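The sequence shown: position 137 = 140 (the numbering used here), numbered continuously.
Think of the CB as a built atom: it goes at the ideal place given N, C-alpha and C, for glycine as much as any other residue.
For clarity, every value in this text was computed on a predicted model and none was experimentally measured.
Report on the structure given below.
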Amino acid sequence: MSARRSVSLTTGIVLVGVVVVAAVVSLVWLPYSLYDTSGGRLTPPGAAHWLGTDTLGRDLATQLLIGARIALATGIGAVLVGGVLGTAIGLAAAFARPWLDDTLSAVLDIVIAFPTLLVAMLLVAARGASLGTAIVAIGLVMAAVVARLVRILARRVLRQDYVTAARTSGTTWPRIVTQHVLPNIWPTLAVNLALQFGLAVLAEASLSYLGLGAPPPNASWGRMLQDAQQTAFEAPAGVLAPGLALVVLVIGANLLADGLRDVADPTRRGRRAARGAAPGLPAGAPVAGDGVGTAIGPVASATDDPDGRPA
4 MSARRSVSLT TGIVLVGVVV VAAVVSLVWL PYSLYDTSGG RLTPPGAAHW
54 LGTDTLGRDL ATQLLIGARI ALATGIGAVL VGGVLGTAIG LAAAFARPWL
104 DDTLSAVLDI VIAFPTLLVA MLLVAARGAS LGTAIVAIGL VMAAVVARLV
154 RILARRVLRQ DYVTAARTSG TTWPRIVTQH VLPNIWPTLA VNLALQFGLA
204 VLAEASLSYL GLGAPPPNAS WGRMLQDAQQ TAFEAPAGVL APGLALVVLV
254 IGANLLADGL RDVADPTRRG RRAARGAAPG LPAGAPVAGD GVGTAIGPVA
304 SATDDPDGRP A
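Below you can see the structure in the form of structure tokens.
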């Protein structure tokens, strides 16, 4: 399926692109300085202040633009940390001996069992509130989810006949990883990382709302929500602006992930349409072969392991 035909992909690119443009603009131009408090307390939206001002007299549009930069930095940074670390751990578990694989899998299960925000809060509280600490904390939690997925996908690839033939012919493990494993698991992994990006943005906003994210005077969207909650009825723009920005970015990331899934599996869209057109078939009913990647198939469940062992 051509990417142009994917409505989800196009819409996701547009929504995320809006936030990217806002972040780039904030690097070269801002309506006011973040430290400028001359606007007056809770000035309503107007020509001078497009979104009004907060309780300190700071321009909300300026904070919103800077918040876009922080949101993107958090999402990209957390995905890089979680993606690289999680992929390395997942590949190590897939190639490891059974006892080491079981140990790593148990550790991953324990980490995943805890709420993501709780683990991130504990890590941030231990290291101190800062944007860098928040990014690393969110990335470490994300790494467990990515590692579990990579392990399942990699073990499937390792059971393929062409991989067995490569191992028999003396191909080294690094070449097997780079030539066979990574190219086959990448489409599914990319979709998952796009979803994790949106979750990372929400996690950072939650941490900032609780005072554990980017410290003042950084204008995180979560901190904007926290600052404006007491005056939400008096000056609703202080809540609506960052809230809407979060919705746009997270929905855009989710639509982008859905579009990437359609591109990775061109038959998925046709099966989805056929499922909707089939009389008497529930909308959520599975269709044979429905998956997220063409080369390795779907991840049906957390226990869907080639060796029949819990993932």
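Counting C-beta atoms within 10 angstroms of its own C-beta, V24 has fewer than 16 neighbours from the protein chains shown and is therefore classed as exposed. Cβ-Cβ distances below 6 Å link R226 to S211 in the same chain, with the five nearest sequence neighbours on each side left out; the list follows chain order. Nearest to V184 by C-alpha distance, out of L103, T171, R154, is R154.
The beta-carbon distance between A74 and V250, rounded to whole angstroms, is 12 Å. This is too long to meet the 8 Å contact definition. Put simply, the segment 92-101 touches the segment 150-165. At least three CB pairs are less than 8 Å apart. Between the segment 169-178 and the segment 49-61 there are fewer than three inter-stretch CB-CB distances shorter than 8 Å, so the stretches are not counted as touching.
The residue among G20, G15, G70 with its C-alpha nearest the C-alpha of L33 is G70. Close CB contacts of L107 within its chain, under the 6 Å cut and outside five residues either way in sequence, are with A96 (chain order). Counting other Cβ atoms within 10 Å of its Cβ, Y35 reaches 16 or more and is therefore classed as buried. Excluding sequence positions up to five before and after S41, its CB lies within less than 7 Å of the CB of G60, all in the same chain and listed in chain order. Per the coordinates, the alpha-carbon of A238 lies some 16 Å from the alpha-carbon of A50. In this structure N187 touches V160 by the C-beta definition: roughly 5 Å separates them, less than 8 Å. The three-state secondary structure of D104, taken from DSSP, is helix.
The C-alpha of T13 lies about 43 Å from the C-alpha of L103. Here I141 has A81, A123, A203, A206 as same chain residues with Cβ atoms under 6 Å from its own Cβ, once five neighbours each way along the sequence are excluded. In the three-state reduction of the DSSP assignment, D62 falls in the strand class. Rounded to the nearest angstrom, the Cβ distance from I254 to L54 is 21 Å, too far for a contact under 8 Å.
Shown here for V194: same chain residues with a beta carbon closer than 7 Å to its own, the five before and five after excluded, namely A260, L263, R264, A267, V295 in chain order. Annotation: the continuous alpha helix (DSSP H) that includes T119 extends over 119-130.
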